[in-house]
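Visitor: Residue numbers (our numbering): 29 to 943. Ideal placement from N, C-alpha and C gives every residue a C-beta, glycine not left out. Quick caveat: nothing in here was measured; it's all calculated off a predicted structure.
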Amino acid sequence: MSTRFLHHFFEPCTIAVVGASEKPHSMGGLVIRNLQEGGFRGELWAVNPKGYDAVYGVPCVTGVGRLPQVPDLAVICAPVIRVPRLIGELGRFGVRAALVLSGGAHLDDERDGKGSIRGRMLTAARESGIRVLGPECMGLIVPGRHLNASYASQPIGRGRVAYLGQSGMLGNAMIDWAAGRGIGFSHLVTVGDSVDVLLPDLIDYLNQYAPTQALLLHLERILDAQHFMTAVREASRHRLVLAIKSGRTAASDISNLPPTPGVANRDQVFDAAFARAGVVRVDDSDELFDALETLSRMRPLKRDRLAVVSNGLGPAMLAIDKLISAGGRLASFSEATRDALCRDDVDVSKPGENPVDLGGNATPERFVEAIELVAADPGVDAVLVVHAPTRLAPSGETARAVIEARKRFRRNLLTSWMGLEEALTARHACNEAGIPTYISPEKAVKAFMHMVDYQRVQALLQETPPSLPFATTSESRAASRALIDEAKAAGRECLDHSETARVLEAYGIPVATSRYVTTPEQAAEAAGELEGPLALKVVHDGNCRPFRYRQHPHKLSAGLLQDLEDAERVADGIRRLGDKVAEKFPEFRVREYCLQSMQRGKHSMQLCAGITRDPVFGPLIVFGIGGYKVNILADRQVALPPLNMSLAADLVDRTHAARLIREHSRHPSRDLERIGELLVTLSQIATDLTELRGLELNPLVLNRDGMLAVDFAMDLGTPARFAIMPYPEELREWVTLNNGWEVEVRPIRAEDAPLIEGFHRQLSEESIRFRYFHNKADLSQRDLSMLSHINYDRQMAFIAEHPLAQGGKEMLGVVRVWNDPDNIRTEFSIIVRDDLHGLGIGSLLMDKMIRYCRSVGTLEMIGKIMIDNQPMRALMKQLGFTLRFNMEEQVVDAVLRLNEPASDWQRHRLDSLPD
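1. Please go through the region 632–705 and give each complete alpha helix (DSSP H) segment of 4 or more residues, from N-terminal end onward.
2. Find out if the Cβ-Cβ distance for the pair D409, R505 is shorter than 7 angstroms.
3. Counting only the same chain and skipping the five closest in sequence on each side, list residues whose C-beta sits under 7 angstroms from that of H36.
4. Exposed or buried, L285, counting other C-beta atoms within 10 Å across all chains shown (16 or more means buried)?
5. Using 8 angstroms as the cut-off, can you tell me whether the region 226–244 makes contact with the region 797–804, which would need three or more C-beta pairs spanning the two stretches below that distance?
6. Would K435 be called buried (16 or more neighbouring beta carbons within 10 Å of its own) or exposed?
7. Using a Cβ-Cβ cut-off of 7 angstroms (strictly less than) and excluding sequence neighbours within five positions of A554, which residues of its own chain qualify?
8. Smallest Cα separation from K837: which of R94, P40, C88, P782?
9. Thinking L412 and S444 are a contact (beta carbons under 8 angstroms), I'd like their distance in whole angstroms, please.
10. In whole angstroms, what is the alpha-carbon distance linking M735 and A507?
11. In chain order, what are the residue ranges of uninterrupted beta strand (DSSP E) at least 3 long that sit wholly in the region 714–771?
12. In the DSSP assignment, find the unbroken beta strand (DSSP E) run with I859 in it and report its ends.
13. Pairing CB atoms from the region 602–622 with CB atoms from the region 696–707, are three or more of them under 8 angstroms?
14. Using a 10 Å radius around the Cβ and a threshold of 16 neighbouring Cβ atoms, would you call H215 buried or exposed?
15. For the beta strand (DSSP E) containing I890, name the first residue and the last one.
16. Start and end of the alpha helix (DSSP H) containing E611?
17. Contact defined as beta carbons within less than 8 angstroms: I believe A472 pairs with R438. What is the distance between those atoms, to the nearest angstrom?
18. Out of G122, N200, S222, M202, state which residue places its alpha-carbon closest to the alpha-carbon of R148.
19. Just the C-alpha distance for L114 and H53, rounded to the nearest angstrom, thanks.
20. So which of N62, G66, L95, F68 has the shortest CA-CA distance to A74?
21. Within this structure, are the beta carbons of R912 and D921 separated by less than 7 angstroms?
22. Rounded to a whole number of angstroms, what is the C-alpha to C-alpha distance between R120 and D678?
23. Would you call the region 377–394 in contact with the region 324–342, where contact means no fewer than 3 C-beta pairs closer than 8 angstroms?
24. Can you find at least 3 beta carbon pairs, one from the region 257–277 and one from the region 298–316, that sit closer than 8 angstroms?
25. Could you give the DSSP three-state label for C458: helix, strand or coil?
26. Which value, in whole angstroms, describes the spacing of the CA atoms of S813 and E785?
27. When burial is assigned at 16 or more other CB atoms within 10 Å of the CB, is P107 buried or exposed?
28. For Q296, does the three-state DSSP call read helix, strand or coil?
29. In chain order, what residues of the same chain have a beta carbon less than 6 angstroms from the beta carbon of A421, not counting five sequence neighbours either side?
30. Compare the beta carbon distance of V376 and A335 with 7 angstroms and say whether it is the shorter of the two.
31. For S931, is the classification buried or exposed, using 16 other Cβ atoms within 10 angstroms of its Cβ as the cut-off for buried?
32. Just tell me which of Q64, G70, G93 has its CA closest to the CA of V83.
33. Comparing alpha-carbon positions, which option in T715, S795, I537 lies nearest V738?
34. Give me the Cα-Cα distance between H134 and H174, rounded to the nearest whole angstrom.
35. In this structure, how does DSSP classify M839 when only helix, strand and coil are distinguished?
36. Consider the Cβ of T218: report whether some Cβ of chain D lies at a distance smaller than 7 angstroms.
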């Protein structure tokens, strides 16, 4: 999984089509015709064993070995049974990229003991290193390079939006729809059921090398969540990414994956993943088409304020209803705009207000005048024109007037020509003119909200969270890991109730005072140590796993007795519960009994929080209303760890529990902050204890005294793989500087934004110029987010941090690296505070980063140094870097080989210039 050799797909100079003929239904013949009609400017060959001289005028050979030269790209359209052998032949011939359009229903069936077709394709590809896109892909289209290597039915024009999908038929539908609207694409690729090149590889490539304004993604399944999340998180920082996911319901899900414990609808996991990655999700194909219209024809929005101009209040109100229900904002006009609208009697229903109702007798000229007034208002970001046809203002004439005047409008313009017969002419005219147009006002508003959602997602990505008011310790991690190791050594898949309580206490999560007993005598004695009515729970092999609920949890068979008044009843309860387990579940062993005081009163609210594991995205943090009604209320929401306080607050805000707390709590902000801290702690537990499969706190009681975990369960599994790489706690270390200071060198984290800001203020202009190659007096919110909230899968930053005597900490220096997706090269930068030069901080940070990059397998470290930065040049020379003058950029390139390449393609990448 990498961008290795992908340029052969997108920038080929020579192409061979394998399996092409002039038969009417030949897929290969169709590919050749599409390449010719698209104006492909390179060499073309056909390969067919039947010995044709030419296929549609393209020279044809009988086998791969007879090609006059090695093609950059091979397009395979031969019967799928022959594809593994063809991939092997192409790879041995030296071809680096193969596009497989062939497909079938039995790709995974094993034949004659040779394995499945899919497996043999992948084996053949790995033998030579050839990259394979397919099988069952529609092909690849890059209009800007006159490349149409597909079986698409329509030619497509050049555009600013890239479409990457997993369905060839949906790709064909996108092409046909776009052709009817005169909309183009920068790239269009469908991966089908690809065995090698996956969607994240293509996202990485386009993000690096293609100047696309936006990415549209169609997803059926995700095979590697970490690779996917890394690619889309990186892409969404630089462009709008929209996604549609099919298989949202159990009936349409073809993944055959097991359910996620504690999550009734797995689609909400995708919601959480998209939101975390900065992706705007669309719900259906209509929305996808409308999004393409908007993206192709609208400038990026500054804010989210919409004005509506209509020739009737009813249609305008439909648009406003949709806008408000979707979370949008109606623009407020300035005083000058209001005065102009009232003075000229433009608005007939609500003079001077938004929406502007021009009335049924509004002429095309009146429309243009009103739009121009509204679009000039500084409080408006976009204008929606809603028009119903009348004799005074037919749709076609009004559309032509708007089109002729559009250069006078200072804001984005959206149109909705309501109706069918007359409206068709207006829509067609707007399409031709490149103005976004929609069938209904609601669709127009929904399309506008895609742009608004993108702005909001970007704001969330750039938000820097507050500092954590707590920290976990190495002692808590060690104690918890010891309990897990002990349980696994005993062959157990879950911790006992008492062991889970010890883990929670180690991480500072308050748990209800409990006594754990195994006999009636012990229970009677323990009852005297607790106050009030008591609750007794039996813990056995069948009920110590999280997220498993009985239909009637209050009944005896559920293993719980409540309101036991004295020691005698508690002892009797032990006997009754033990007998009931033996009768109902003879295969289960009773592990222990848990005795607690009843938790009632104090205006308590029952919540549920925990950790579960999804088969695709790995560990998840869950939160919602708790108690035995948890499955009925369906209030549980999920988020991907690692969490900070901002992300935890976002998770809580999505639940009904948050609304109840705000409505009924005496101190809602305090209670919500406590919950946020708990969720961040759970995120840290998931990170620290990777063998933890599930942890449920239910009920988690919240009242005026705080929070208390009353019941809980934890089970174990294989070490988890996170969708988003968590904070690398193991890379922290303490060192002593030349001046005797004790300094911690650790990876940067999102909460460090205030530290970075304070550090930057203490830098000289010269140090800032050496680091950024220009003067940067202040750091913007986006700068702080980019510098502090990094993706540990592709980036790393180590800071040197010194504790102050008066409390708090200060940042002394920072070193950063940015890896390419293939981990071939990493580019570094380093900066140390001016007043601390000579203490060895620069050497210390660089040495740690070099060791880290070597450990993760990076091949080469490079950096660019300004010519007059003599101290940095001296440090790099001391560390063993090779320095060479870069004439083109007028800088010094510092290069250090970290690891030796293990393959020819890695050597080729190293020999080429850095990207």
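Guide: On the basis of the data shown:
1. 658–661, 673–681, 684–692
2. What you label residue 409 is simply residue 381 of the sequence shown in a count that begins at 1. What you label residue 505 is simply residue 477 of the sequence shown in a count that begins at 1. For D409 and R505, no; Cβs fall outside 7 angstroms.
3. Numbered from 1 along the sequence shown, position 8 holds the residue referred to as residue 36. So the qualifying residues of the chain are D100, L101, R124, A125.
4. Numbered from 1 along the sequence shown, position 257 holds the residue referred to as residue 285. Exposed.
5. no
6. Against the sequence shown, residue 435 aligns to sequence position 407. It counts as exposed.
7. On the sequence shown, position 526 is the one that residue 554 refers to. Hits under 7 angstroms: R543, V545, L623.
8. Here the question's residue 837 lines up with position 809 in the sequence shown. Considering only alpha carbons, the answer is P782.
9. Translated into the one-based positions of the sequence shown, residue 412 becomes position 384. Translated into the one-based positions of the sequence shown, residue 444 becomes position 416. Rounded, the Cβ-Cβ distance is 7 angstroms, consistent with contact.
10. Mapped onto the sequence shown, residue 735 falls at position 707. Mapped onto the sequence shown, residue 507 falls at position 479. Approximately 23 angstroms between the Cα atoms of the pair.
11. 720–731, 734–737, 740–744, 761–764
12. The count along the sequence shown starts at 1 and reaches residue 859 at position 831. I859 -> beta strand (DSSP E) spans 853–860.
13. no
14. Numbered from 1 along the sequence shown, position 187 holds the residue referred to as residue 215. Buried is the call here.
15. On the sequence shown, residue 890 is found 862 positions in, with the first residue counted as 1. Looking at the DSSP string, the run of the beta strand (DSSP E) that includes I890 is 888–894.
16. Counting from one through the sequence shown, the residue named residue 611 turns up at place 583. 595–612 is the extent of the alpha helix (DSSP H) around E611.
17. Working through the sequence shown from its first residue, we reach residue 472 at position 444. Working through the sequence shown from its first residue, we reach residue 438 at position 410. About 19 angstroms; that fails the 8 angstroms criterion.
18. For the purposes of this step, residue 148 is identified with residue 120 of the sequence shown, where counting begins at 1. Taking only the C-alpha atoms, the option nearest R148 is S222.
19. Locating residue 114 in the sequence shown gives position 86, where the first residue counts as 1. Locating residue 53 in the sequence shown gives position 25, where the first residue counts as 1. Taking the straight line joining both Cα atoms gives about 21 angstroms.
20. As a position in the sequence shown, residue 74 is number 46, starting the count at 1. It is L95 whose Cα lies nearest to the Cα of A74.
21. Position 884 of the sequence shown, counted from the first residue, corresponds to residue 912. Position 893 of the sequence shown, counted from the first residue, corresponds to residue 921. Cβ distance < 7 angstroms, so R912 and D921 count as in contact.
22. As a first step, residue 120 is located in the sequence shown; it is residue number 92 there, counting from the start. As a first step, residue 678 is located in the sequence shown; it is residue number 650 there, counting from the start. Roughly 53 angstroms separates the two Cα atoms.
23. yes
24. yes
25. Locating residue 458 in the sequence shown gives position 430, counting from the first residue. Helix.
26. Reading the sequence shown from its first residue, position 785 is the one you call residue 813. Reading the sequence shown from its first residue, position 757 is the one you call residue 785. Rounded to whole angstroms, S813 to E785 spans 11 angstroms at the Cα level.
27. Counted from its first residue, the sequence shown places residue 107 at position 79. Classification of P107: exposed, given that the 10 Å Cβ count is below 16.
28. Against the sequence shown, residue 296 aligns to sequence position 268. In the structure shown, Q296 sits in a helix (DSSP, three-state: H, G or I).
29. Here residue 421 refers to the residue found at position 393 of the sequence shown. Cβ within range, chain order: A390, T391, P392.
30. Within the sequence shown, the letter at position 348 stands for residue 376. Within the sequence shown, the letter at position 307 stands for residue 335. No, Cβ-Cβ distance for V376 and A335 is not below 7 angstroms.
31. Taking the first residue of the sequence shown as position 1, residue 931 is located at position 903. With fewer than 16 other Cβ atoms within 10 Å, it is exposed.
32. For the purposes of this step, residue 83 is taken as the residue at position 55 of the sequence shown. With distances taken between Cα atoms, V83 lies closest to Q64.
33. In the sequence shown, residue 738 corresponds to position 710, counting from 1. Ranking the options by Cα distance to V738, first place goes to I537.
34. As a first step, residue 134 is located in the sequence shown; it is residue number 106 there, counting from the start. As a first step, residue 174 is located in the sequence shown; it is residue number 146 there, counting from the start. Rounded to the nearest angstrom, the two C-alpha atoms are 34 angstroms apart.
35. For this step, residue 839 is matched to residue 811 along the sequence shown. Strand.
36. Included in the structure is just one protein chain, with no chain D present.
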